[in-house]
Ligand SMILES: Cc1cc2nc3c(=O)[nH]c(=O)nc-3n(C[C@H](O)[C@H](O)[C@H](O)COP(=O)(O)OP(=O)(O)OC[C@H]3O[C@@H](n4cnc5c(N)ncnc54)[C@H](O)[C@@H]3O)c2cc1C
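In full-length UniProt numbering, the protein residues as written are 1 to 196.
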């Protein structure tokens, strides 16, 4: 995964310089919420709304609150001020998606049939093309090309997925997760019993 999505990456030739850090444009050239951190997205949309307010239109309701939350605020501040029922940014989308993917690994058979292995391979291939953050999707497709997916058993896929997740963690400057413990995290619960 060669590209850091914290860098501005426009989908067209718009100038990078006006984009806040963490902002990624969609392939249509507009701010891409599912590719961007919430703080940068709300900061950018605030600027756009301010421009249109000057031209006579006003932002309102939750949208205005979101824009205000982004004004000069860090990601955590903006996140704290937004209601739960707003569209996903790159982080909430990522967390939910990893939960789904690791949970699929956790319920994948220990001895999958040929058809089950084929389904999982197909699912992951389609997933990598449909993932709503296009920069994430492109890098994940590249990862799939470099690190052939392993679907021969639950543990094989669980560890492959953990390594894939660690590759994203590394790209984002986060700590690596201990893949020997992927099942504790996503299937059995931690050995200390705190997950019930
Ligand atoms: C396919 C994919 C590609 C992505 N690419 C990008 C990108 O290019 N740029 C970007 O900004 N964001 C990307 N994201 C989102 C990013 O990975 C995180 O989801 C997001 O930054 C939120 O991170 P987090 O720290 O809350 O925890 P997450 O990374 O979302 O992890 C959720 C939980 O999973 C557990 N965990 C962490 N690492 C592992 C692991 N290796 N194996 C098993 N469990 C683990 C931890 O308990 C953690 O709390 C991507 C997400 C996906 C699904």
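Every residue, glycine too, gets a C-beta built ideally from N, C-alpha and C.
Handout entry: Distance between residue 147 and residue 33 (C-alpha atoms, nearest Å)
Key = By 1-based counting over the chain shown, the position of residue 33 is 33. By 1-based counting over the chain shown, the position of residue 147 is 147. The straight-line gap from Cα to Cα measures roughly 28 Å.
Problem - Enclosing alpha helix (DSSP H) for residue 158 [first to last residue] - result: Taking the chain shown and counting its residues from 1, the one referred to as residue 158 is at position 158. In the DSSP assignment, residue 158 falls within the alpha helix (DSSP H) that extends over 154–171.
Problem - Inter-residue CB distance, residue 153 and residue 111 (contact presumed, cutoff 8 Å) - result: Position 153 of the chain shown, counting from 1, holds the residue named residue 153. Position 111 of the chain shown, counting from 1, holds the residue named residue 111. Under the criterion of beta carbons closer than 8 Å, residue 153 and residue 111 qualify as touching, at roughly 7 Å.
Handout entry: DSSP state of residue 100 mapped onto helix, strand, coil
Key = In the chain shown, counting from the first residue as 1, residue 100 sits at position 100. In the three-state DSSP reduction, residue 100 falls in the helix class (H, G or I).
Exercise for the section: Say whether the segment 110–127 touches the segment 166–178, bearing in mind that this needs 3 or more beta-carbon pairs closer than 8 Å, one atom from each stretch. Expected result: Put simply, the segment 110–127 does not touch the segment 166–178. Fewer than three CB pairs are less than 8 Å apart.
Exercise for the section: With hydrogens ignored, establish whether the beta-carbon of residue 136 is closer than 8 Å to any heavy atom of ligand 1. Expected result: Taking the first residue of the chain shown as position 1, residue 136 is located at position 136. Checking every heavy atom of ligand 1 against the Cβ of residue 136, one is found closer than 8 Å.
Exercise for the section: Express the C-alpha separation of residue 165 and residue 151 in angstroms, rounding to a whole number. Expected result: The residue you call residue 151 lines up with position 151 of the chain shown. The residue you call residue 165 lines up with position 165 of the chain shown. Distance from the CA atom of residue 151 to the CA atom of residue 165, rounded to whole angstroms, is 16 Å.
Handout entry: For residue 25: DSSP bridge partner residues
Key = Here residue 25 refers to the residue found at position 25 when the chain shown is read from its first residue. According to DSSP, which records beta bridges pairwise, residue 25 is partnered with 31.
Problem - Rounded Cβ spacing between residue 129 and residue 142 (contact assumed at less than 8 Å) - result: Locating residue 129 in the chain shown gives position 129, counting from the first residue. Locating residue 142 in the chain shown gives position 142, counting from the first residue. Wrong, their Cβ atoms sit about 12 Å apart, outside the cutoff.
Handout entry: CB contact flag (residue 182, residue 162, <9 Å)
Key = Stepping through the chain shown from its first residue, residue 182 is reached at position 182. Stepping through the chain shown from its first residue, residue 162 is reached at position 162. Less than 9 Å separates the beta-carbon of residue 182 from that of residue 162.
Exercise for the section: Measure the CB-CB distance between residue 144 and residue 124 and report whether it falls below 9 Å. Expected result: Against the chain shown, residue 144 aligns to sequence position 144. Against the chain shown, residue 124 aligns to sequence position 124. Residue 124 sits close to residue 144, with the two beta carbons spaced by under 9 Å.
Problem - residue 158 vs residue 102 beta-carbon contact at 9 Å - result: If you number the chain shown from 1, residue 158 lands on position 158. If you number the chain shown from 1, residue 102 lands on position 102. Cβ distance < 9 Å, so residue 158 and residue 102 count as in contact.
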